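Residue 482 in the working numbering sits at position 407 of the sequence shown; the count goes up by one each step and never skips.
Backbone N, C-alpha and C fix where the C-beta goes; we use that ideal spot for every residue, glycine too.
Just so we're clear, the structure is a prediction, and the values are computed from it rather than from any experiment.
First comes the structure, then the notes that go with it.
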Amino acid sequence: MQYPRQLLLILPAQPHGIPPQLDWVGPESRPELRPEDPRLAPLTKQGQLTTAFPRLRIERDRLVPNGTFAQTQATYLQPDPATVAELDQLLTRGNVGVVAHFYMDPELQGVLSACSWPQIHISDSLVMADRAVAMAQAGVRAVLVAGVDFMSENVRAVLDAAGFTHLPVYRLARDRIGCSLAEAAESRAYAAFLAQAAAHRPALHVVYINTSLKQKAAAQATVPTITCTSSNVVQTILQAASQLPTASIWYGPDSYMGDNLLTILATLAKADPATVRAVHPAHTPATVAALLGRFHRFDQGHCIVHHLFGAQVVEQVRRDHQDALLTAHLEVPGEMFALAHAAQTQGRGMVGSTANLLDFILAKLRQAPDGTALQVVLGTEAGMITSIVRAVQAELRRLDRTSSVEVIFPVAAEAIATTGDASLPVVPGAAGGEGCSVAGGCATCPYLKMNHLDGLLAVAKAAGNGTGLAGFEPQMDAARIAGRSVVELGSVPILHMRAFQKTGALPPELVADVLNRGN
76 MQYPRQLLLI LPAQPHGIPP QLDWVGPESR PELRPEDPRL APLTKQGQLT TAFPRLRIER
136 DRLVPNGTFA QTQATYLQPD PATVAELDQL LTRGNVGVVA HFYMDPELQG VLSACSWPQI
196 HISDSLVMAD RAVAMAQAGV RAVLVAGVDF MSENVRAVLD AAGFTHLPVY RLARDRIGCS
256 LAEAAESRAY AAFLAQAAAH RPALHVVYIN TSLKQKAAAQ ATVPTITCTS SNVVQTILQA
316 ASQLPTASIW YGPDSYMGDN LLTILATLAK ADPATVRAVH PAHTPATVAA LLGRFHRFDQ
376 GHCIVHHLFG AQVVEQVRRD HQDALLTAHL EVPGEMFALA HAAQTQGRGM VGSTANLLDF
436 ILAKLRQAPD GTALQVVLGT EAGMITSIVR AVQAELRRLD RTSSVEVIFP VAAEAIATTG
496 DASLPVVPGA AGGEGCSVAG GCATCPYLKM NHLDGLLAVA KAAGNGTGLA GFEPQMDAAR
556 IAGRSVVELG SVPILHMRAF QKTGALPPEL VADVLNRGN
């Protein structure tokens with residue numbers, strides 16, 4: 076198996092959270108400590124290690140990290156100029172575009188964001204496909220996708236639908252790059268969920284974009300399906316309820332997002348009419364209350380990164396960061412969602428997509444007086460920090476301000492693990508790897524970290540030459556479902572979503588499918 080690059084990183088100079096008196100320079104100077112040594116007492120509470128969350132302060136022309144985890148992120152934001160020049164030259168000479176996800180490996184993102192080649196874009200998964208189309212229209216010879224497999228599939232499908240079937244799309248690894256959400260949608264439990272939906276006609280299935288093309292095809296074959304993203308899911312469901320007032324609506328596979336959507340709908344059902352109209356003009360509290368009885372969500376799927384922003388993290392955020400701005404992805408568990416959602420109602424928080432969180436931080440920066448030191452809890456995957464740093468510093472320079480934004484990474488207490496080694500008793504990162512634990516927050520997604528800088532450089536070079544790329548194409552399934560290819564049928568829910576985004580209404584063919592399927 077090819078392991079994520081960050082799992083191979085050796086200890087930075089000072090393990091995250093270890094007090095200065097335990098600092099060391101090299102192996103010969105490491106203190107001879109055992110886990111029970113009294114000098115480790117500041118790190119323990121009821122037998123478990125506890126630390127302050129790592130933080131990265133963003134100023135106009137410098138970064139100030141606190142904690143090894145933040146130090147690592149800051150290091151990658153200052154990439155080697157020779158590497159940047161090498162990648163720039165490869166992409167320019169080969170006329171190759173690159174689309175990458177916000178959660179990408181920080182080393183890779185740091186180099187990408189420092190390149191001058193214009194056909195590079197870092198965004199959420201939906202915009203990746205849109206920008207790939209724009210790059211195709213600009214005449215690139217190939218598109219590289221830095222993401223998990225469903226992202227490269229989406230790019231391939233959207234390019235094909237836009238008429239660019241000839242344009243090569245390449246991943247950055249030969250190995251399969253999975254996703255826990257995508258795998259949840261391929262389970263027997265999800266097949267049963269779809270069968271239940273099909274039995275409750277008229278029915279509409281709203282499937283999260285974080286699923287494979289094959290699963291989108293299988294879903295569409297079972298029940299009329301539209302894809303959604305974390306940024307448009309609320310509007311998709313409300314619009315569907317207004318256009319299809321008798322249809323049941325089935326959402327999956329992210330169980331936390333489903334629970335959070337239910338909370339949002341329940342809150343709207345009790346809100347005043349003006350508040351509901353501001354969210355969706357066709358609805359009233361009564362119509363949203365009626366929707367609650369028709370809304371169903373899958374309860375056995377989650378993102379392994381957002382799953383870990385649980386009760387322990389929330390407790391520490393409440394205790395240590397009461398005055399900070401709170402951001403949380405819509406995929407987080409209920410405790411983190413409730414905390415950030417409550418902050419959002421007070422104007423000091425945001426729950427939404429990665430793009431929503433970035434826009435919120437920038438808006439708060441613009442609103443704050445010059446010299447303000449903002450603190451923001453980042454309730455999503457830590458790879459987001461690259462885009463936050465680049466955007467915040469650009470905005471500070473544009474506004475000519477001395478303000479700062481300090482990003483707090485809510486990594487779990489178990490992000491320091493005991494080793495049982497007398498000379499090296501604690502190390503950064505939980506025993507399970509990647510700074511994650513079953514009790515709290517998580518640093519990074521190991522799947523996305525299978526895209527790394529060496530792979531990008533190698534694939535960029537090969538794409539420019541047009542050789543040596545067997546196995547790097549999106550692994551499109553050649554099977555047929557309901558008499559149609561996976562690519563053709565799996566693209567239908569994506570195209571429905573794209574039509575909805577353009578017009579604000581479900582496309583007529585989708586409405587007809589919902590009302591007439593099975594008749």
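- Nearest in C-alpha terms to S330, of all of Q314, S317, H377, is H377.
- Rounded to whole angstroms, the gap between the alpha carbons of Q153 and E481 is 18 Å.
- Rounded to the nearest angstrom, the Cβ distance from S305 to L405 is 4 Å, consistent with a contact under 8 Å.
- Distance between L523 and V218, taken at the CA atoms: about 18 Å.
- If you ignore the 5 residues before and after R372, its C-beta comes within less than 6 Å of the C-beta of Y326, G333, all in its own chain and listed in chain order.
- Across the structure, M203 and V173 are spaced so that their CA atoms are roughly 9 Å apart.
- Straight-line spacing of the CA atoms in N540 and R251 works out to 24 Å.
- Secondary structure of S478 (DSSP, three-state): coil.
- The three-state reading of DSSP puts M551 in coil, since its state is none of H, G, I, E or B.
- In terms of Cα proximity to A587, the closest of L279, S428, G565 is L279.
- Collapsing the DSSP output to three states places M525 in a helix.
- Excluding sequence positions up to five before and after A574, its CB lies within less than 6 Å of the CB of P582, all in the same chain and listed in chain order.
- The alpha carbon of N170 has as its nearest neighbour, out of R473, A189, P348, K536, the alpha carbon of K536.
- Rounded to whole angstroms, the Cβ separation of Q468 and D224 is 33 Å, and the two are not in contact under 8 Å.
- When rounded, the separation of the alpha-carbon atoms in A315 and Q164 is 47 Å.
- According to DSSP, G172 shares a beta bridge with V218.
- Per DSSP, the beta-bridge partners of N141 are R130.
- For the beta strand (DSSP E) assignment, the uninterrupted runs of no fewer than 3 residues enclosed by the region 289 to 327 are, from N- to C-terminal side, 300 to 303, 323 to 327.
- By the neighbour-count definition (other C-beta atoms within 10 Å, threshold 16), E548 is an exposed residue.
- Segment contact: the region 233 to 245 against the region 344 to 358, fewer than three CB-CB distances shorter than 8 Å; contact not assigned.
- Between the C-alpha atoms of S323 and Q419 there is a straight-line separation of about 29 Å.
- In the three-state reduction of the DSSP assignment, M459 falls in the helix class, which pools H, G and I.
- Taking a C-beta distance under 8 Å as the contact criterion, M425 and T447 do not qualify as a contact pair.
- With three or more CB-CB distances shorter than 8 Å, the region 556 to 564 counts as touching the region 286 to 293.
- Scanning I436, E470, D445, I339 for the CA closest to the CA of H416 turns up I339.
- T286 places its beta carbon less than 8 Å from that of P328.
- Measuring C-alpha to C-alpha distances from I569 to each of Q194, V186, V281 identifies V281 as the nearest.
- Q450 sits close to L400, with the two beta carbons spaced by under 8 Å.
- Ranked by how close their Cα comes to the Cα of D552, the residues L544, V308, G543, G565 have G565 in first place.
- Under the three-state reduction of DSSP, F370 is assigned to strand.
- Rounded to the nearest whole angstrom, the CA to CA distance from N526 to D199 is 16 Å.
- Taking C-beta atoms as the reference points, A145 and D395 fail to come closer than 8 Å.
- Restricting attention to L440, E456, D529, the CA atom closest to the CA of E134 is found in L440.
- Annotated three-state conformation of A403 is strand, per DSSP.
- The beta carbon of Q194 sits closer than 6 Å to the beta carbons of G172, M210, V215 from its chain, once the five residues preceding and following it are set aside; these are given in chain order.
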